[in-house]
Amino acid sequence: MANSVSIRDLSLSFGAVTVLKDLNLDIHDGEFLVLLGSSGCGKSTLLNCIAGLLEPTEGQIYIKDRNVTWEEPKDRGIGMVFQSYALYPQMTVEKNLSFGLQVAKMPKPDIDKRVARASEILQIGPLLKRKPAELSGGQRQRVAIGRALVRDVDVFLFDEPLSNLDAKLRSELRVEIKRLHQQLKNTMIYVTHDQIEALTLADRIAIMKSGVIQQLDDPIVIYNRPKNLFVAGFIGSPSMNFLRGEISEVDGRPVFTTHGVNFSLAGYQASEPLSAGRKVVLGARPEHIAIDSDVMGGEAHEAVVDIEEPMGADNLLWLKHAGHLMSVRIGGARRYAPGSRVRMAFDMSMASLFDAETEDRI
Ligand SMILES: Nc1ncnc2c1ncn2[C@@H]1O[C@H](COP(=O)(O)OP(=O)(O)O)[C@@H](O)[C@H]1O
Ligand SMILES: [Mg+2]
């Protein structure tokens with residue numbers, strides 16, 4: 001597959017503080033890539049390097065196989081959309097869209113055509129004569145996207161574009177951005193700290209911690225087969241349940257032991273032999289723990305319901321078992337009073353095992 005953007009051994013330091021270190025990343029042509037991580041992990045810094053707003057300390061950046069490391073932002077074929085919209089307040093929407101093209105000395109009929117197309121795609125036609133102050137947050141962000149759209153760029157860069165919007169608008173505009181990508185098929189690089197945006201929008205997610213990409217994969221792979229404890233804990237709400245314990249051997253088979261209780265590991269596909277005595281962390285998502293009638297034969301353990309959190313479609317139970325408190329997701333119609341005893345079992349085929357020391361997936 002052709003690469004649209006390639007980042008080679010990129011490092012960036014602000015004085016003595018290294019924000020990015022030897023970072024490598026290939027983004028495919030037409031791909032929607034999400035950079036996901038908590039605040040301060042270096043997402044904007046990386047995006048700003050791609051945009052040309054920051055100079056890397058070391059390394060190269062290629063866009064469409066052209067080394068753009070030292071090119072001006074305007075020559076890179078990128079369009080950027082910021083969280084803060086960055087619209088010109090004194091200009092109308094129409095002027096905000098056309099201004100950059102006028103500066104680039106594009107003929108007026110061409111400018112008009114591009115503005116018309118962008119305003120049609122983003123449905124902002126009725127707003128063209130207004131100024132930013134007369135727009136809602138969602139409308140302002142549409143105009144900011146429109147400004148990237150009229151430039152007919154190869155690559156769109158989004159830096160937390162929905163973070164300033166309220167929850168309802170955020171989910172609406174999220175769908176529109178996804179539709180925009182399906183329609184335009186441009187390469188899009190999208191920075192967010194919001195795991196839902198990452199899971200719903202991305203073709204691939206690059207999940208970052210302290211300037212280092214922890215895993216680059218399809219969202220479903222990141223969700224189901226996290227490479228390490230950090231990725232496992234970052235994605236998923238409520239968080240994956242983590243049980244500290246160790247591998248023991250029962251009847252020649254490895255089992256997971258925690259607080260003196262054994263759990264069969266049958267069904268778990270380990271990438272290396274599970275030797276007895278190894279300290280591990282077992283991870284199980286709330287929807288991968290079965291209770292009562294959902295337990296499919298095999299081994300079941302007795303647990304006690306501590307609290308339930310009904311959420312309409314789902315019901316979240318907090319179970320006490322073997323010194324752990326675990327969340328279990330069940331259907332909203334199934335209710336349990338606190339103190340109820342239930343049978344529970346892990347779906348080991350969907351579980352994750354991590355080495356307690358390296359924190360890497362086993
Ligand atoms: N101009 C700067 N000078 C010094 N440190 C900076 C500067 N810009 C960002 N940083 C630091 O770099 C780190 C990464 O910042 P940033 O890329 O903005 O994170 P993110 O976008 O993931 O929240 C943070 O610790 C931040 O404080
Ligand atoms: Mg940022």
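Under my numbering, the first residue of the sequence shown carries the number 1, and numbering increases by one thereafter. Glycine included, C-beta positions come from ideal geometry on N, C-alpha and C.
How far does the alpha helix (DSSP H) with residue i in it extend, from its first residue to its last?
{"i": "K227", "result": "Counting along the chain, K227 falls outside any alpha helix (DSSP H), and DSSP gives it neither H nor E."}
{"i": "L169", "result": "A167 to L184"}
{"i": "D110", "result": "K108 to I121"}
{"i": "T192", "result": "Where T192 is concerned, there is no enclosing alpha helix (DSSP H), although the beta strand (DSSP E) it sits in stretches over T187 to T192."}
Report buried or exposed for residue i, applying the criterion of at least 16 other Cβ atoms within 10 angstroms of its Cβ.
{"i": "E197", "result": "buried"}
{"i": "P226", "result": "buried"}
{"i": "I330", "result": "buried"}
{"i": "I220", "result": "exposed"}
{"i": "L35", "result": "buried"}
{"i": "T192", "result": "buried"}
{"i": "D159", "result": "buried"}
{"i": "N24", "result": "exposed"}
{"i": "N67", "result": "exposed"}
{"i": "Y85", "result": "buried"}
{"i": "L53", "result": "exposed"}
{"i": "H181", "result": "buried"}
From residue i to residue j, what does the alpha carbon distance come to, in whole angstroms?
{"i": "T257", "j": "A284", "result": "15 Å"}
{"i": "K43", "j": "L274", "result": "36 Å"}
{"i": "L199", "j": "D347", "result": "22 Å"}
{"i": "V93", "j": "K131", "result": "6 Å"}
{"i": "G277", "j": "N262", "result": "13 Å"}
{"i": "I213", "j": "P109", "result": "45 Å"}
{"i": "K21", "j": "Q60", "result": "13 Å"}
{"i": "A118", "j": "Y190", "result": "20 Å"}
{"i": "F14", "j": "E176", "result": "36 Å"}
{"i": "E287", "j": "L229", "result": "18 Å"}
{"i": "G137", "j": "N164", "result": "7 Å"}
{"i": "T18", "j": "P56", "result": "11 Å"}
{"i": "I289", "j": "G40", "result": "34 Å"}
{"i": "A300", "j": "K320", "result": "14 Å"}
{"i": "G79", "j": "D355", "result": "42 Å"}
{"i": "E359", "j": "D251", "result": "27 Å"}
{"i": "G297", "j": "Y223", "result": "26 Å"}
{"i": "A337", "j": "F234", "result": "30 Å"}
{"i": "R343", "j": "Y62", "result": "55 Å"}
{"i": "R244", "j": "I7", "result": "37 Å"}
{"i": "F32", "j": "D218", "result": "11 Å"}
Given the structure, does residue i come close to ligand 1, in the sense that its CB is under 8 Å from one of the ligand's heavy atoms?
{"i": "T57", "result": "no"}
{"i": "F230", "result": "no"}
{"i": "K209", "result": "no"}
{"i": "K43", "result": "yes"}
{"i": "V17", "result": "yes"}
{"i": "G297", "result": "no"}
{"i": "L6", "result": "Looking at the sequence provided, one finds Ser at residue 6 rather than Leu. Every heavy atom of ligand 1 is 8 Å or more from the Cβ of S6, so no."}
{"i": "S38", "result": "yes"}
{"i": "L316", "result": "no"}
{"i": "F14", "result": "yes"}
{"i": "L368", "result": "This structure cannot speak to residue 368, because the chain is shown only from 1 to 362."}
{"i": "E46", "result": "The amino acid at residue 46 is misidentified as Glu; the sequence shows Leu. Because some heavy atom of ligand 1 lies under 8 Å away, the Cβ of L46 counts as near it: yes."}
Consider the C-beta atom of residue i and the heavy atoms of ligand 2; say whether any pair is separated by less than 8 Å.
{"i": "V191", "result": "yes"}
{"i": "E160", "result": "yes"}
Name the two residues that bound the continuous beta strand (DSSP E) containing residue i.
{"i": "I362", "result": "Where I362 is concerned, there is no enclosing beta strand (DSSP E), given that its DSSP letter is neither H nor E."}
{"i": "L101", "result": "Unbroken run through L101 is the alpha helix (DSSP H), V93 to V103; no beta strand (DSSP E)."}
Which runs of the beta strand (DSSP E) at least 3 residues long sit entirely within the region 221-288? Give them in chain order.
As far as the region 221-288 is concerned, its whole beta strand (DSSP E) runs of at least 3 residues are 241-250, 253-258, 261-264 and 279-284.
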